[in-house]
Every structure is written in C-alpha cells, then in structure tokens.
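Heads up: the structure comes next, in structure tokens.
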Amino acid sequence: PTRLVGALAHAALEQDAKTIRSILRHVSLDEVYAINAQVSLLEHTERRLGDMWQENACSESDIILALFELVAALRAVSAEALPIKAAGGAPPGVLSQPGELHMLPALLDAEVLNQHGWETVLDFPRNDDVLADRVAEDWFDAVDISLSDVFRRNHYLQHVALTITAVRQK
C-alpha cells in the first residue's frame with residue numbers, strides 16, 4: 009500500500025483524475041466492500057500529502073485541490089458500482105461531522121453512509137455546543153463523529169466522549 013499511497017498522492021497533486029480512478033479501482037479488486045479499501049487508501053494518502061506539505065514539497069492550496077480530486081474520483085468510481093440502498097421507506101438520517109481537525113474522514117464517512125442508503129448531512133460545527141444545538145433542532149437517526157484511523161491519538165477519544173455526552177444531553 010505504501011507504493012500506492014505515494015502514487016496516489018502524486019497523481020492528486022498533478023490533478024490526474026484518470027490515474028486516481030485507476031488506483032482506486034485497483035485497490036478494491038479483491039475486496040468485498042470496495043469502498044472500505046478506497047477510504048483507507050485515501051486516509052493514508054491524506055497523511056502523505058500532509059507530510060509532503062511539511063517538507064515544503066507542496067503548498068496548502070495544492071493539498072486542497074488534491075483532496076478535491078481524490079473525493080471527486082472516489083465519487084466517480086463509486087458511481088460505477090450499484091449503490092446499496094435501504095429497503096423501503098425514507099432513508100435513515102445521519103449527521104456526519106469530524107471528531108478532529110481533519111475533515112476528510114467525515115467526508116468519506118458521509119460518502120460511505122450515503123452509498124448504503126443513509127441520507128447524510130455533512131456539517132462542520134465550530135464546537136460541541138453548536139453540534140448539540142443542531143441535533144436538538146433536527147431529527148437524525150444517528151450522529152457520525154469520525155476519527156481518522158491513520159492517526160493514532162488516544163487523546164481525541166476523550167474529546168469524542170465529551171461530544172457524545174453533550175449531544176445526548178440536548
């Protein structure tokens with residue numbers, strides 16, 4: 009996967025949509041749930057892009073455009089497969105939001121949930137109080153608070169626990 013992450017990062021920085029889609033298709037060939045392999049690869053690629061930025065190999069603007077290309081390619085490749093939709097009735101609603109500063113995991117979670125028939129609302133509230141107010145105003149069957157599996161930072165788990173408590177109390 010390290011070779012694929014590097015190739016994907018460079019293709020994203022070059023805005024080479026054809027290569028990005030090809031890599032995403034390749035990584036999911038032997039997977040039952042292709043989206044899981046694709047999301048994992050994208051999260052590792054996001055980390056690689058951050059490393060490249062720290063090494064001054066690209067700018068912050070380059071990374072923003074690269075992330076846009078990655079998400080657009082994920083949507084294009086996902087659209088090629090038949091989505092799994094919830095059976096009958098209105099789709100369950102989920103509010104998806106990041107549990108850390110990185111927003112790509114929340115975006116990827118929302119995409120996966122949408123493909124599985126959930127009606128997702130992606131939101132980036134500035135703090136837990138705003139999130140709790142949002143949940144209190146509208147009905148959601150679930151609130152998805154995402155953390156990247158690329159970063160192993162246990163201190164975020166405590167924050168997520170506090171966020172869940174704040175949302176439940178509203």
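Sequential numbering from 9 applies to the sequence shown in our numbering.
Virtual Cβ for every residue (Gly too), placed ideally from N, Cα, C.
Checking the DSSP bridge columns, you'll see residue 103 partnered with 129 and 151. Going by C-alpha positions, residue 11 is about 16 angstroms away from residue 29. Shown here, residue 60 sits in a helix according to DSSP, grouped into three states. For the pair residue 154 and residue 113, the CB atoms are nearer than the 7 angstroms cut-off. By the Cβ-count criterion, residue 171 is buried, with 16 or more other Cβ atoms from all chains shown falling within 10 Å of its own Cβ. A buried status is given to residue 119, since no fewer than 16 other beta-carbon atoms sit within 10 Å of its beta-carbon.
With respect to the C-alpha of residue 78, the residue from 15, 41 and 167 having the closest C-alpha is 15. Rounded to the nearest angstrom, the gap between the Cα atoms of residue 123 and residue 80 is 15 angstroms. Secondary structure at residue 145: helix, using DSSP grouped into helix, strand and coil. Between the region 55–71 and the region 17–25, the count of C-beta pairs closer than 8 angstroms reaches three or more; the two stretches touch. For residue 117, the enclosing alpha helix (DSSP H) has its first and last residue at 112–123. Under the DSSP assignment, residue 30 falls in the alpha helix (DSSP H) whose first and last residues are 25–35.
In this structure, 175 is the residue among 67, 64 and 175 with its C-alpha nearest to the C-alpha of residue 133.
Considering only 102, 140 and 169, the residue with the shortest C-alpha distance to residue 149 is 102. The continuous alpha helix (DSSP H) containing residue 169 extends over residues 163–177.
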